[in-house]
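First comes the structure, then the notes that go with it.
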Amino acid sequence: MHVVDAEGCYFIDAAGKRVSGFFFAVDVRDLGHKNARVIESIAEQARELPYIAPGYATTSRAKLTQQLLRLLPEGLEKFFFATSGTEAQ
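Sequential numbering of the sequence shown, starting at 7, is according to the numbering used here.
Here's what the structure looks like:
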């Protein structure tokens, strides 16, 4: 299938046919294609600081850490933000 677009849980092929996609990558499965909130969050982060290596602290990582500390069991005090699962091992 020649996919030219996608939105929500659908692919659109080169002939304009809308097809339900039952296989998605992790980031798409939960959020859908072209999720407006995700797009705006990406744009906002790109305007602030597009990329910094995982070993550095940033405002967004600090905010995420605070949220994780409220959700995770007590005693977890160190976080390492990686760019892939390979680094997590």
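Just so you know, even glycine gets a beta-carbon here, dropped at the ideal spot from N, CA and C.
query	result
Three-way DSSP call (helix, strand, coil) for residue 58 in this model	coil
Whether residue 21 touches residue 60 by CB criterion (8 Å)	no
The stretch 68-81 / the stretch 44-51 touching (three or more Cβ pairs under 8 Å)	no
Supposed close pair residue 39, residue 13 - CB separation, criterion 8 Å	5 Å
Host beta strand (DSSP E) of residue 26 (start-end)	24-26
Limits of the unbroken beta strand (DSSP E) element including residue 12	9-13
Reference residue 84, options 19, 92, 71, closest by Cα	71
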